[in-house]
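Peer 1: Numbering (my numbering), first residue to last: 1 to 195.
Backbone N, C-alpha and C define an ideal beta-carbon position, used for all residues, glycine too.
As the structure is a prediction and not an experimental result, all values here were calculated from the model.
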């Protein structure tokens, strides 16, 4: 997943804590945080599902693409763009539009709408102010939290790249080292995923 589920759970707990009690009243903070985390995870998982679907489509046309000399990545982008428009999805990454964040501003706005809908449905949460004001507060906190996560991830990636033995990204060793350095960077930034 684009963002680790543990970090999504952490971000959700932080959002609920910042919203309660001024913006919302929660009878069960942990349950409300879990609802937010599920909403964000489900949404981010939908893009992964879309990528898998595009890969399956491309497998069917692999020989045709080879005969015509069409690039796999170009066809992947074209098909994905078409499906995104058809399904009215907001992509998580803004990298295609030049945004360096994992979650684009549009994606954070989209998530804020989905989170506020989920909070309105919840029996454990009562929104105390205008829902749009609460949503904007969610945008602010999501942006701050995911900018921090981006710094942590970037620092961890830089540490792995700086190793003299030249670990290849995507290899099992890269993943293990990235997780270790990611955890170290979280501690350095004062983030405890358990809280």
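Determine, using beta carbons only, whether residue 35 and residue 118 come nearer to each other than 7 Å.
Peer 2: Along the chain shown, one-based indexing puts residue 35 at 35. Along the chain shown, one-based indexing puts residue 118 at 118. Yes.
Peer 1: Can you have a look at residue 82 and say buried or exposed, based on whether 16 or more other CB atoms are within 10 angstroms of its CB?
Peer 2: Taking the chain shown and counting its residues from 1, one reaches residue 82 at position 82. Classification of residue 82: exposed, given that the 10 Å Cβ count is below 16.
Peer 1: Can you tell which of 32, 115 and 90 has the C-alpha that lies nearest to the C-alpha of residue 125?
Peer 2: As a position in the chain shown, residue 125 is number 125, starting the count at 1. Ranking the options by Cα distance to residue 125, first place goes to 32.
Peer 1: Is it right to say residue 3 is buried, meaning 16 or more other beta carbons lie within 10 angstroms of its own, or is it exposed?
Peer 2: For this step, residue 3 is matched to residue 3 along the chain shown. Label assigned to residue 3: buried.
Peer 1: Near residue 149, which residues of its chain fall below 7 Å by C-beta distance, leaving aside the five closest residues on each side in sequence?
Peer 2: Here residue 149 corresponds to residue number 149 of the chain shown, with the count starting at 1. The residues are 3 and 7.
Peer 1: Residue 127 lies in the beta strand (DSSP E); which residues open and close that run?
Peer 2: In the chain shown, counting from the first residue as 1, residue 127 sits at position 127. Unbroken beta strand (DSSP E) run through residue 127: 125 to 127.
Peer 1: Could you name the residues of the same chain whose beta carbon sits closer than 7 Å to that of residue 157, not counting the 5 residues immediately before and after it, in chain order?
Peer 2: Within the chain shown, residue 157 is the residue found at index 157, counting from 1. The residues are 178.
Peer 1: If contact is defined by three or more beta carbon pairs under 8 Å, each pair taking one atom from either stretch, is the stretch 160 to 171 in contact with the stretch 43 to 59?
Peer 2: no
Peer 1: Report the CB separation of residue 111 from residue 142 in whole angstroms; it is logged as a contact under 8 Å.
Peer 2: The count along the chain shown starts at 1 and reaches residue 111 at position 111. The count along the chain shown starts at 1 and reaches residue 142 at position 142. Confirmed, Cβ separation roughly 6 Å.
Peer 1: How should residue 80 be labelled, buried or exposed, when 16 other C-beta atoms within 10 angstroms of its C-beta is the threshold for buried?
Peer 2: On the chain shown, residue 80 is found 80 positions in, with the first residue counted as 1. Flag for residue 80 reads buried.
Peer 1: For a test of the three-state rule: what should DSSP assign to residue 25, helix, strand or coil?
Peer 2: If you number the chain shown from 1, residue 25 lands on position 25. Note: residue 25 maps to strand in three-state DSSP.
Peer 1: Can you list, in chain order, the residues of its chain whose CB lies under 7 Å from that of residue 137, leaving out five sequence neighbours each side?
Peer 2: If you number the chain shown from 1, residue 137 lands on position 137. The answer, listed in chain order, is 19 and 23.
Peer 1: Reducing DSSP to helix, strand and coil, say where residue 130 ends up.
Peer 2: By 1-based counting over the chain shown, the position of residue 130 is 130. Residue state for residue 130 is assigned as coil, using DSSP reduced to three classes.
Peer 1: Quick one: is residue 102 buried, meaning 16 or more other Cβ sit within 10 Å of its Cβ, or exposed?
Peer 2: Looking up residue 102 in the chain shown gives position 102. Label assigned to residue 102: buried.
Peer 1: Count the other CB atoms, across all protein chains shown, that sit within 10 Å of the CB of residue 189; report buried if there are 16 or more and exposed otherwise.
Peer 2: Position 189 of the chain shown, counted from the start, is the residue given in the question as residue 189. Residue 189 is exposed by the Cβ-count criterion.
Peer 1: Entirely within the stretch 30 to 88 and at least 4 residues each: give me those alpha helix (DSSP H) ranges in chain order.
Peer 2: 62 to 68 and 72 to 87
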